[in-house]
Amino acid sequence: MPYPRFYLGSGMKDNTTTETCLAGAGSLLFEFGCLSALLGDPQYASVARRVVLNLWNRRSSVTGLLGSTIDVISGSWINKMSGMGAGQDSFYEYLHKTAILFDDPQLGHMFNEVLDALRFHLRNSNNTGSCLNSQGIPSIYWNVNMYTGERMNYWVDSLQSVWPGIFVHHGHLQEAVCQHAIHYFIWQLYDLPPERYDLATEQPQLYFYPLRPEFVESTYFLYRATRHPFYLRVGEQIIDSLNKYARAERVREWL
1300 MPYPRFYLGS GMKDNTTTET CLAGAGSLLF EFGCLSALLG DPQYASVARR VVLNLWNRRS
1360 SVTGLLGSTI DVISGSWINK MSGMGAGQDS FYEYLHKTAI LFDDPQLGHM FNEVLDALRF
1420 HLRNSNNTGS CLNSQGIPSI YWNVNMYTGE RMNYWVDSLQ SVWPGIFVHH GHLQEAVCQH
1480 AIHYFIWQLY DLPPERYDLA TEQPQLYFYP LRPEFVESTY FLYRATRHPF YLRVGEQIID
1540 SLNKYARAER VREWL
């Protein structure tokens, strides 16, 4: 598995951390697959695939879930939290997108299998198959222990907003609408989403917004799938918020 940091000038250093996240190690399939296709050299796609399969084989045999961070030397999970947000989101995103781009049945089967595990263990809807829970509220995908499925906290983070777009691609439009509604609700509270929001305390845990594009992407895909004007209005709100809070008028003064 790849190290999370590499020094271009001097190579690896003795004090380089061996802890990397699931997304950092396992999100190279898409780009490296394209690189191999463009160069006519299969080694890049082959290496990326080998890493993904290595991680895949370290899933919990009980739940089928993967953890958040892993030691690249020992292969042992360090952070055993399984979720769909920061440090994990793009592993699933690129597993799915690479399966589509390269028409890869193995990767498609892997995504379907892990999605079933995520739905069963993370979603608070009593696994009825609906994206709404028993109170008629969109179901949250919580962070859980990868070995037991027990809930570990009550927060969601902005990177989870990539999932409505993934659900659109996967043909689960109702679930895409439900998950988008959760992140739109958080966006409306502050005009920009905090990096992490605790649903139990109804307060942000991390206050910054580093121009994440995931919610924008999901809004776009939902509009393309539904042509509903609601998503155009959400898009307008996004642009208004970015112009109001994030746009630098005099860039040279900040350089």
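At position 140 of the sequence shown (counting the first as 1) the number is 1439 in my numbering, and the numbers step up by one without a gap.
Glycine included, C-beta positions come from ideal geometry on N, C-alpha and C.
Quick caveat, the model's predicted, so the values are computed rather than measured.
Asked	Found
DSSP-derived helix/strand/coil call for Gly1384	coil
For Glu1318, the first and last residue of its enclosing beta strand (DSSP E)	1318-1320
Contact belief for Val1467 with Phe1520 at Cβ below 8 Å, rounded distance in angstroms	4 Å
Segment contact, 8 Å Cβ cut-off, at least three pairs: the stretch 1482-1496 with the stretch 1397-1409	no
Cβ contact (3+ pairs, closer than 8 Å) linking the stretch 1353-1364 and the stretch 1433-1441	no
Coarse secondary structure for Asn1542, derived from DSSP in three states	helix
Minimum Cβ-Cβ distance from Ser1367 to chain C less than 7 Å	Of the protein chains in this structure there is only one, and it is not chain C.
Local Cβ density within 10 Å of Glu1449, reported as buried at 16 or more and exposed below that	exposed
Rounded straight-line distance, which links the Cα of Thr1362 to that of Val1413	10 Å
Closest Cα partner of Asp1370 within the set Gly1534, Gly1323, Arg1349	Gly1323
Stretch pair the stretch 1535-1552 + the stretch 1493-1505: three plus CB contacts closer than 8 Å	no
Same chain only: Cβ atoms within 6 Å of Thr1299, ignoring 5 sequence neighbours per side	Outside the shown range of the chain, which is 1300 to 1554, sits residue 1299, and nothing can be said about it.
Proximal residues to Cys1333 (C-beta, below 7 Å), its chain only, five neighbours per side dropped	none
Residue range of the alpha helix (DSSP H) that includes Gln1405	1404-1421
Inter-residue spacing [alpha-carbon to alpha-carbon] between Tyr1446 and Lys1379	8 Å
Secondary structure of Gly1323, DSSP reduced to three states	helix
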